[in-house]
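Encoded as structure tokens, the structure appears first; notes follow it.
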Amino acid sequence: MLSRPAVAAQLVLLSVLSASAPPVARAGKRSVVGAFSGRAAPDPARPGSRPDGPAASASPTPRAGVFGWPVAGPVMRPFDPPPQPWLPGHRGVDLAAPTGTSIRSAGPGVVLFAGLVAGRPVVTVGHADGLRTTYEPVRPTVRAGDRVVAGTPLGALLAGHAGCPAAACLHWGLRRDRDYLDPLALLGLGPVRLLPVDGVPAGQPWASSAGSRTASRSYSSGVL
């Protein structure tokens, strides 16, 4: 039989191992955020900037304004979480940009991973409040442990992201601990309303927005 000091030492070790274990997805968790009219992203060199126009409803993520767009490009595919973690869905947003475009960190933090995941080049950055952003497919120019700020180059965009109707798309993901969230919530924005390719329907409240017209021309149907 183990002595009391030995039992206590084992309990402490188990607590440390449990705290450092990778998170396991919980069923049925979804993020609900405000509405966004589908405008193209502004220059990511201006952290915290957003497209012109009225702001959407408050996001569930903290410190909006600390984060910025990782690349200037229209949203081609929105966040579409599955009803259950094991079902198909789209756990991020796709932003179109030319191959070779510099991809920048959306916010301050530490690079947690830069390498291949299932053959795809991925960069993951850890932020405050348990947030993590991911960027793929990106040929990394950073290494795990590097400290970054909003706008720090992470690598170059590569072609080949599945489901992207453009030549190349950045898949930008966001997690808080175990839950997938909409990355646009970092900017105080929410899900994109994808507009028809031939323009904005007459009489819609966002029809006068130049940014919305840009996004509608960039979107191709059939990617959801």
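All residue numbers for the sequence shown refer to this note's numbering, where the first residue is 1108 and numbers rise by one.
No residue lacks a Cβ here, since even glycine has one placed at the ideal position from N, Cα and C.
Any idea if Arg1254 is buried or exposed, counting beta-carbon neighbours within 10 angstroms, 16 or more meaning buried? exposed
Whole-angstrom C-beta distance between Val1217 and Val1230, which should lie under 8 Å: Wrong, their Cβ atoms sit about 12 Å apart, outside the cutoff.
Identity of the residue in Val1182, Ala1203 and Asp1187 nearest Leu1265 by Cα: Ala1203
Relative to the alpha-carbon of Ser1209, which residue among Arg1239, Pro1290 and Glu1243 has its alpha-carbon at the smallest distance? Glu1243
Quick check on this structure: which residue in Ala1273, Arg1283, Gly1280 and Ala1251 has the alpha carbon closest to the alpha carbon of Pro1205? Ala1273
What would DSSP say about Pro1290, mapped onto helix, strand or coil? helix
May I have the straight-line CA-CA distance separating Leu1293 from Gly1226, to the nearest angstrom? 28 Å
Continuous beta strand (DSSP E) assignments of at least 3 residues falling wholly in the region 1200-1257: You should have 1200-1203, 1209-1211, 1216-1224, 1227-1233, 1238-1243 and 1245-1247.
CB-CB under 6 Å to Ala1263, same chain, minus the five flanking residues each way: which ones, in chain order? Gly1207 and Arg1246
Exposure label - Val1341; buried when at least 16 CB within 10 Å: Outside the shown range of the chain (1108 to 1331) lies residue 1341, about which nothing can therefore be said.
As a quick exercise: from Gly1222, Leu1238 and Gly1214, pick the residue whose alpha carbon is nearest that of Asp1286. Leu1238
Would you identify the three-state DSSP class for Pro1260, choosing helix, strand or coil? strand
What's the C-alpha gap between Met1183 and Ala1235? 28 Å
Under three-state DSSP, which class holds Arg1285? coil
Could you tell me the distance, in whole angstroms, from the CA atom of Ala1269 to the CA atom of Thr1248? 23 Å
According to DSSP, what are the bridge partners of Cys1271? Answer is none; Cys1271 lacks a bridge partner.
Cβ distance (whole Å) where Asp1201 is taken to contact Cys1276 below 8 Å: 4 Å
Considering only the beta carbon of each residue, do Arg1198 and Thr1259 sit closer than 9 Å? no
Would you tell me roughly how many angstroms separate the C-alpha atoms of Gly1222 and Gly1280, rounded to the nearest one? So the two alpha carbons sit approximately 16 Å from each other.
Let me make sure I understand the geometry here. Which of Val1232, Val1256, Pro1190 and Gly1267 has the alpha-carbon closest to that of Asp1284? Val1232
Considering only the beta carbon of each residue, do Val1173 and Ala1257 sit closer than 9 Å? Less than 9 Å divides the Cβ of Val1173 from the Cβ of Ala1257.
Proximity of Thr1241 and Gly1214 at Cβ, strictly below 9 Å: A distance of 9 Å or more separates the beta carbons of Thr1241 and Gly1214.
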